[in-house]
Amino acid sequence: MKALFARALLRLAAACLGERKRDWAMAMEAELETAMAEGAPVQFAFGCLLAAGRGLFAAEEGQFVLTSYAVAIGVLLPMAALQIGCALFGLPYLYPGRHGLGGAMIDGGLQESLLRGVYQAAIPSLALLQLLIGLGHLRIAWVVLERDWAAALRWGSLSLAASATLVMFMSVLFIDGRQALLQGAVLAIELAIIASVARWHAHFSPGPAPNPAR
Amino acid sequence: MVRKRQPSKQMYRLLEALSEARGEWRHGYDLMKVTGLLSGTLYPLLMRMTEQGLVEAEWREPAQPGRPARHAYRLTSAGAALARDLAGSAPGQPFKGALA
Numbered sequence: 001m002k003a004l005f006a007r008a009l010l011r012l013a014a015a016c017l018g019e020r021k022r023d024w025a026m027a028m029e030a031e032l033e034t035a036m037a038e039g040a041p042v043q044f045a046f047g048c049l050l051a052a053g054r055g056l057f058a059a060e061e062g063q064f065v066l067t068s069y070a071v072a073i074g075v076l077l078p079m080a081a082l083q084i085g086c087a088l089f090g091l092p093y094l095y096p097g098r099h100g101l102g103g104a105m106i107d108g109g110l111q112e113s114l115l116r117g118v119y120q121a122a123i124p125s126l127a128l129l130q131l132l133i134g135l136g137h138l139r140i141a142w143v144v145l146e147r148d149w150a151a152a153l154r155w156g157s158l159s160l161a162a163s164a165t166l167v168m169f170m171s172v173l174f175i176d177g178r179q180a181l182l183q184g185a186v187l188a189i190e191l192a193i194i195a196s197v198a199r200w201h202a203h204f205s206p207g208p209a210p211n212p213a214r
Numbered sequence: 001m002v003r004k005r006q007p008s009k010q011m012y013r014l015l016e017a018l019s020e021a022r023g024e025w026r027h028g029y030d031l032m033k034v035t036g037l038l039s040g041t042l043y044p045l046l047m048r049m050t051e052q053g054l055v056e057a058e059w060r061e062p063a064q065p066g067r068p069a070r071h072a073y074r075l076t077s078a079g080a081a082l083a084r085d086l087a088g089s090a091p092g093q094p095f096k097g098a099l100a
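Going down the list, the protein sequences come from chains L and A.
Here the first sequence is numbered in my numbering, starting from 1 and rising by one per residue.
Here the second sequence is numbered in my numbering, starting from 1 and rising by one per residue.
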C-alpha cells in the first residue's frame, strides 16, 4: 500500500517536472526501491513531489504547464459548460419562455403564435449547433493539455465557424443574437490565447526522451 | 561557470559528500543518507549543480541483475575545484582531508 502511494506521488512529481526533466523524474523513481528497502518510500516520494512542485513555479516550462491548465480549466471548461447549458436548458438565451429546449418544442407555447412552424423546425438544429460548440470546447481543452496545437486550432476554427453560423441563423429567425455574438467573440479571444500559448511552447519544445539502460 | 552567491549549507554538505570519494559515482539515496538531506532538498540541489556544471549525472547499470538502472552523480573538475576552494570554510561543517 505504501509502495503504491509512493509510486503515485512520484507519478505526480514526474508530471510536475515535465518533459525536460523527465530524466530526473526517472532518477527519482529508480531510487524508490532503495527507499522501500530503507522503509521510507512515502517520505522519499513526498520530498520528490515537493521538489517538483517548487520547480513548477520557478521554471518556464512549469509556468507554461500552469498556464495551460489555467486556460483549460479557467476559460475553456466554463465556456463549454455555458454552451452546453445554453443548448440543453436555454441559459441565458436561444429559447423563449425560460423553459429550455423542452419548453420551446411544446405545442401551444408562448412563441408558437408568433413563429409557429419555422421557429420550431429551426430550434433542434440551433440547439445541436450550440451543443457542438460546447463539445468543441471540451475537445479544445483536452488537446491543449496534450499540447496538440494543430488539433487545438482546428477544433477552435470549427467551433468559431459553428458559432458564426449560429449567430447568422438566429438573425434570420429574428432571435436576439447578442449573447451568441458575445460568446463567439470570447471564442475568438480563446483562439488568440491558444495561438500565443503554442508559440510560447515552441520556445522550449522537448528534445528526445532519455533512454537509461534498464 | 562563475558562482556569485555564497553556497548554501546544504550545498556545502553535498560538495563534501561527493568530494569524499572523488571520481566515484554516488546514488541519490546514498547521498541523502550521507548528507542528511531530504529528497525534497537533495534533488533540486543536484539539478542546479548539474546545470551549473559542478556535478555530472549518468545512468549506471544495476549491481544486481533484474534491478533498475540508477542515476549516479559525481563532481566534475569544476565541482572538485569549488570543493577545494571551499574546503574548511563551510560554517560549522569543515571539509575533511579528502579534498586535499
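Even glycine gets a Cβ: it sits at the ideal position worked out from N, Cα and C.
The structure displayed is predicted, hence computed values, not measured ones.
What is the C-beta distance between L/Gly134 and L/Leu158, in whole angstroms, given that I count them as a contact (C-beta under 8 Å)?
Going by Cβ atoms, the distance from L/Gly134 to L/Leu158 rounds to 13 Å, so no, they are not a contact pair.
In chain A, which residues lie with their C-beta within 8 Å of the C-beta of L/Glu33?
From the beta-carbon of L/Glu33, the residues of chain A found nearer than 8 Å are Arg67, Pro68.
Rounded to the nearest angstrom, how far is the Cβ of A/Pro62 from that of A/Ala72, given a contact under 8 Å?
Contact doesn't hold; Cβ gap of about 11 Å is too wide.
Which chain A residues are close to L/Ala30, counting only those with a beta carbon under 7 Å from its beta carbon?
Those are Pro68, Ala69, Arg70, His71, listed as they occur along chain A.
Which residues in chain A sit within 8 Å of L/Cys48, going by Cβ to Cβ distance?
Ser39, Gly40, Tyr43
Are the C-beta atoms of A/Ala17 and some chain L residue less than 9 Å apart?
no
Beta carbon of A/Arg13 nearer than 9 Å to that of A/Thr35
A contact, by the Cβ cut-off of 9 Å.
Does the region 58–66 of chain L come into contact with the region 8–27 of chain L, if we say contact requires no fewer than three beta-carbon pairs (one atom in each stretch) closer than 8 Å?
With a cut-off of 8 Å, the region 8–27 of chain L and the region 58–66 of chain L count as touching, because enough Cβ pairs lie within range.
Within 9 Å of any Cβ in chain A, is that where the Cβ of L/Glu60 sits?
no
Within the 9 Å Cβ cut-off, does A/Met47 reach chain L?
yes
In chain L, which residues lie with their C-beta within 8 Å of the C-beta of A/Gly53?
Simply none; closest approach about 16 Å.
Residue nearest to L/Leu138 in terms of C-alpha spacing, selected from L/Ser125, L/Ala152, L/Leu12:
L/Ala152
Where the beta strand (DSSP E) through A/Trp59 begins and ends:
55–60
Could you check whether the Cβ of L/Gln43 sits closer than 9 Å to any Cβ belonging to chain A?
yes
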